[in-house]
Amino acid sequence: MEKRVFSGIKPSGNLHLGNYIGAMKQWVKSQEDGFNIFCVVDLHAITVFQDPTELKNNSYDLAAMLLAVGIDPTKSLLFVQSHNPDHANLAWILNCYLSMGQMNRMTQYKEKSEGKDTVSVGLFDYPSLMAADILLYKTTHVPVGEDQKQHVELTRDIAERINKKYGDIFVLPQASIPKVGGRIMSLSNPAKKMSKSVDDPSGTIGLLDSLDDVKKKIMSAVTDSDNKIVYDPENKPGISNLLEIYCQVSGVEMKDAQEKFSSISYGAFKTEVFESVSLFLSEIQQKFHEKRNINDLSATLEDGAKKAYAISHPILQEMYSRIGFI
Ligand code: ATP
Ligand code: LTN
Numbered sequence: 000m001e002k003r004v005f006s007g008i009k010p011s012g013n014l015h016l017g018n019y020i021g022a023m024k025q026w027v028k029s030q031e032d033g034f035n036i037f038c039v040v041d042l043h044a045i046t047v048f049q050d051p052t053e054l055k056n057n058s059y060d061l062a063a064m065l066l067a068v069g070i071d072p073t074k075s076l077l078f079v080q081s082h083n084p085d086h087a088n089l090a091w092i093l094n095c096y097l098s099m100g101q102m103n104r105m106t107q108y109k110e111k112s113e114g115k116d117t118v119s120v121g122l123f124d125y126p127s128l129m130a131a132d133i134l135l136y137k138t139t140h141v142p143v144g145e146d147q148k149q150h151v152e153l154t155r156d157i158a159e160r161i162n163k164k165y166g167d168i169f170v171l172p173q174a175s176i177p178k179v180g181g182r183i184m185s186l187s188n189p190a191k192k193m194s195k196s197v198d199d200p201s202g203t204i205g206l207l208d209s210l211d212d213v214k215k216k217i218m219s220a221v222t223d224s225d226n227k228i229v230y231d232p233e234n235k236p237g238i239s240n241l242l243e244i245y246c247q248v249s250g251v252e253m254k255d256a257q258e259k260f261s262s263i264s265y266g267a268f269k270t271e272v273f274e275s276v277s278l279f280l281s282e283i284q285q286k287f288h289e290k291r292n293i294n295d296l297s298a299t300l301e302d303g304a305k306k307a308y309a310i311s312h313p314i315l316q317e318m319y320s321r322i323g324f325i
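Quick note: the sequence shown, position 103, residue 102 per numbering that gives the first Met the number 0, numbers continuous.
Structure (C-alpha cells):
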C-alpha cells in the first residue's frame with residue numbers, strides 16, 4: 000500500500016519550537032515519499048475559546064509558516080479543516096461508536112480540563128474529530144509529537160471496530176513519532192511540554208518571537224546545579240531539553256554535541272544554543288514574511304481543500320451507505 004500521511008496543527012496561538020521539531024520538521028521530511036496531506040485544524044482549535052480575529056490571523060500565520068519551513072503545495076495537500084465538511088460529518092458518526100469510558104481515558108483531555116470552571120463537550124470529543132481527520136484519507140502514517148500517540152491508538156481502535164461491523168472500509172494508521180524531539184519541554188518548567196496555550200510564555204520559544212526575547216528565555220532556562228552537560232532526560236531534564244533543541248536546529252548529532260560541550264559552563268552552553276536557534280529563526284522568519292500574503296494563501300488553501308474533498312467524500316459516502324443511510 001502506498002504510504003499516505005495525514006497530520007494537523009491547531010491555529011490556536013503562537014507556533015513554537017516544539018511544534019516545529021515534533022511535527023513540522025517531520026512533515027517536511029515526509030514529503031520525500033508517499034502522498035502527504037497537511038491540515039490547519041481550526042475545528043479542533045475552537046474546543047477552547049478562540050478570539051475570532053486572532054483565530055483568523057493564526058490560521059493564515061500557520062499556513063504561511065508551513066510554507067516557510069518547506070511544505071510544498073505542489074507535492075502535498077495543504078488545507079483548512081473547516082473548508083471540508085466531511086471531517087465534522089464523519090466525526091459525528093464515530094461519536095456513535097466510541098464509548099464514554101474510552102474517551103475518559105484520554106490524557107490530553109484530563110490535562111486540558113484540569114482546573115477549568117467550564118469545559119466544552121468539544122474538548123472531550125476532540126479525539127473523535129481527530130480520528131475522522133485521519134480515517135477520511137485512508138492514512139497509513141500520522142507524524143505527530145509524543146503527546147498525540149494515544150489519540151492515534153484510539154483512531155486505530157475505532158477503525159478496527161467499524162471494519163469488523165461493516166466490512167473493511169478504513170485503513171489502520173500508525174503514529175510516526177520522532178526518536179529525538181518528540182517532546183520538547185518548557186524552558187521554565189522542564190517537567191511540562193512546551194505549549195502554545197500557557198499563561199507563562201517564558202518557557203516557550205515562539206517561531207515568530209524577537210531574537211531578544213528568545214535570548215532572554217534561553218539564558219534564563221531552568222537547569223540544575225551540577226554543571227555537567229550530558230543528555231539524561233530523567234535526572235537532568237533542563238539541560239537535556241536544551242541539548243535536544245540544539246541538535247534539532249543545528250543538525251549536530253547528540254553524541255557530538257555532548258562531546259563539544261563537555262568542558263564548558265552552562266552560561267557558555269546556553270549562548271551556543273541561542274546562536275543556533277537564532278540562526279534558524281531568522282531564516283524562517285524571513286521566509287514567513289514572504290509567504291504571508293492573504294490572496295496567495297487563500298488560493299493555495301482553496302485548491303488544497305478541493306483536492307482533499309475529492310479524496311474524502313467517496314470514503315464518507317461509502318460509510319453512509321454501509322451504515323444504511325438512504
Ligand atoms: P496547545 O498548547 O494549544 O495544545 P500545542 O502546542 O500542543 O498546542 P498542537 O497544535 O496541539 O500544539 O500540536 C501540533 C503538533 O506539534 C502535534 O503533532 C504535537 O504533537 C506537536 N507538539 C506540540 N507540542 C510539542 C512539544 N512540546 N514537543 C514536540 N512536539 C510537540
Ligand atoms: N490533535 C493534534 C492535532 C490534530 C492532528 C489531527 C494530528 C488534529 N487532527 C490529525 C494528526 C492527525 C494535536 O493536538 N496536536
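Where a beta carbon is used, it is the ideal one built from N, C-alpha and C, also for glycine. Keep in mind it's a predicted model, so treat the numbers as computed, not measured.
Q: Less than 8 Å between the CB atoms is what I'm expecting for P142 and S311, so what's the real figure, rounded?
A: Counting from 1 along the sequence shown, the entry for residue 142 is found at position 143. Counting from 1 along the sequence shown, the entry for residue 311 is found at position 312. Going by Cβ atoms, the distance from P142 to S311 rounds to 19 Å, so no, they are not a contact pair.
Q | R104 burial status per 10 Å Cβ neighbour count (16 or more: buried) | A | Here residue 104 refers to the residue found at position 105 when the sequence shown is read from its first residue. Its Cβ having fewer than 16 others within 10 Å, R104 is exposed.
Q) If you draw a straight line from the alpha carbon of S81 to that of L42, how long is it in whole angstroms? A) Indexing the sequence shown from 1 puts residue 81 at position 82. Indexing the sequence shown from 1 puts residue 42 at position 43. Distance between the alpha carbons of S81 and L42: 6 Å.
Q) DSSP three-state call for S264: helix, strand or coil? A) Taking the sequence shown and counting its residues from 1, the one referred to as residue 264 is at position 265. Of the three classes helix, strand and coil, the one that applies to S264 here is coil, per DSSP.
Q | Pick from P177, M99 and E113 that is closest to P126, judged by C-alpha positions | A | Working through the sequence shown from its first residue, we reach residue 126 at position 127. It is M99.
(Q) Restricting to Cα atoms, I'd like to know which of L65, I45 and E53 is closest to W26. (A) Sequence index remark: in the sequence shown, residue 26 carries index 27 (1-based). It is L65 whose Cα lies nearest to the Cα of W26.
Q. How about A174: is its Cβ closer than 6 Å to a heavy atom in the ligand ATP?
A. On the sequence shown, position 175 is the one that residue 174 refers to. No, Cβ of A174 sits at least 6 Å from all heavy atoms of the ligand ATP.
Q: Evaluate contact between the region 275-283 and the region 49-61, counting only Cβ atoms and requiring at least three cross-stretch pairs below 8 Å.
A: no
Q. What residue from N294, Y108 and N226 has the CA that sits closest to F268's CA?
A. The sequence position of residue 268 within the sequence shown is 269, counting from 1. Among N294, Y108 and N226, the Cα nearest to that of F268 is on N226.
Q | Contacts around L300, its chain only, beta-carbon distance under 8 Å, and the 5 residues preceding and following it disregarded | A | Translated into positions along the sequence shown, residue 300 becomes position 301. Contacts found: V39, A62, L77, F78, V79 and H82.
Q.
Please identify the residue among F169, A131, L171 and M193 whose C-alpha is closest to the C-alpha of G144.
A. On the sequence shown, residue 144 is found 145 positions in, with the first residue counted as 1. For G144, the nearest C-alpha among the options comes from M193.
Q: Would you decide whether R321 is buried or exposed? Buried here means 16 or more other CB atoms lie within 10 Å of its CB.
A: Counting from 1 along the sequence shown, the entry for residue 321 is found at position 322. Exposed, by the Cβ-count rule.
Q. If you follow the alpha helix (DSSP H) that C38 is part of, which residue opens it and which one closes it?
A. By one-based count along the sequence shown, residue 38 stands at place 39. Looking at the DSSP string, C38 is not in any alpha helix (DSSP H); the run it does join, the beta strand (DSSP E), is F34 to V39.
Q.
Between which residues of its own chain and D314 is the CB-CB distance below 6 Å, once the five residues before and five after are set aside?
A. Counted from its first residue, the sequence shown places residue 314 at position 315. A small correction: the amino acid at residue 314 is Ile; Asp does not occupy that position in the sequence shown. L135, listed in sequence order.
Q. Since G21 contacts P177 with CB under 8 Å, what's their CB separation in whole angstroms?
A. Sequence index remark: in the sequence shown, residue 21 carries index 22 (1-based). Sequence index remark: in the sequence shown, residue 177 carries index 178 (1-based). About 7 Å separates the two Cβ atoms, so the contact holds.
Q. Around the C-beta of A67, are 16 or more other C-beta atoms found within 10 angstroms, so that it is buried, or is it exposed?
A. In the sequence shown, the residue the question calls residue 67 occupies position 68. A67 should be labelled buried.
Q) V327 bridges to which residues according to DSSP? A) The structure shown does not extend to residue 327, since the chain is modelled only from 0 through 325, so no value can be given for it.
Q. With DSSP run on the structure shown, which of helix, strand or coil describes K55?
A. Counting from one through the sequence shown, the residue named residue 55 turns up at place 56. Helix.
Q | alpha helix (DSSP H) segment containing V213, residue limits | A | Here residue 213 corresponds to residue number 214 of the sequence shown, with the count starting at 1. Run containing V213: L210 to M218, per the alpha helix (DSSP H) assignment.
Q.
On the criterion of 16 or more Cβ atoms from any shown chain inside 10 Å, does T106 qualify as buried, or is it exposed?
A. Indexing the sequence shown from 1 puts residue 106 at position 107. So T106 ends up on the exposed side.
Q. Is V73 buried or exposed, if buried means 16 or more other CB atoms sit within 10 Å of its CB?
A. Walking along the sequence shown from the start, residue 73 turns up at place 74. Position check: residue 73 holds Thr in this sequence, whereas Val was assumed. T73 is exposed by the Cβ-count criterion.
Q.
Please return the same chain residues whose Cβ sits closer than 6 Å to the Cβ of A307, not counting the five positions on each side in sequence.
A. Working through the sequence shown from its first residue, we reach residue 307 at position 308. The residues are L76, F78 and N83.
**Q.** Euclidean distance between Cα positions of G114 and F123
**A.** Position 115 of the sequence shown, counted from the start, is the residue given in the question as residue 114. Position 124 of the sequence shown, counted from the start, is the residue given in the question as residue 123. The straight-line gap from Cα to Cα measures roughly 15 Å.
Q: Give the DSSP bridge partners of S6, in chain order.
A: The residue you call residue 6 lines up with position 7 of the sequence shown. Paired residues: F37.
Q: Mark Q316 as exposed unless 16 or more other C-beta atoms lie within 10 angstroms of its C-beta, in which case mark it buried.
A: For the purposes of this step, residue 316 is taken as the residue at position 317 of the sequence shown. By the 10 Å Cβ count, Q316 comes out exposed.
Q: List in chain order: all unbroken beta strand (DSSP E) runs of 3+ residues lying wholly within the region 124-169.
A: 140-142
Q: Classify K235 as helix, strand or coil using the three-state DSSP reduction.
A: In the sequence shown, counting from the first residue as 1, residue 235 sits at position 236. If DSSP states are grouped into helix, strand and coil, K235 belongs with coil.
Q. So what does V79 bridge to, in DSSP terms?
A. For the purposes of this step, residue 79 is taken as residue 80 along the sequence shown, with counting starting at 1. DSSP, once it has assigned bridges, lists V39 as partnering V79.
Q. Where H86 and L93 are concerned, what is the direct C-alpha to C-alpha distance, given to the nearest angstrom?
A. Counted from its first residue, the sequence shown places residue 86 at position 87. Counted from its first residue, the sequence shown places residue 93 at position 94. Cα to Cα, the separation comes out at about 11 Å.
Q. Distance, Cα to Cα, E274 vs K9?
A. Translated into positions along the sequence shown, residue 274 becomes position 275. Translated into positions along the sequence shown, residue 9 becomes position 10. Rounded to whole angstroms, E274 to K9 spans 29 Å at the Cα level.
Q | Three-state secondary structure assigned by DSSP to G323 | A | Walking along the sequence shown from the start, residue 323 turns up at place 324. Three-state result, G323: coil.
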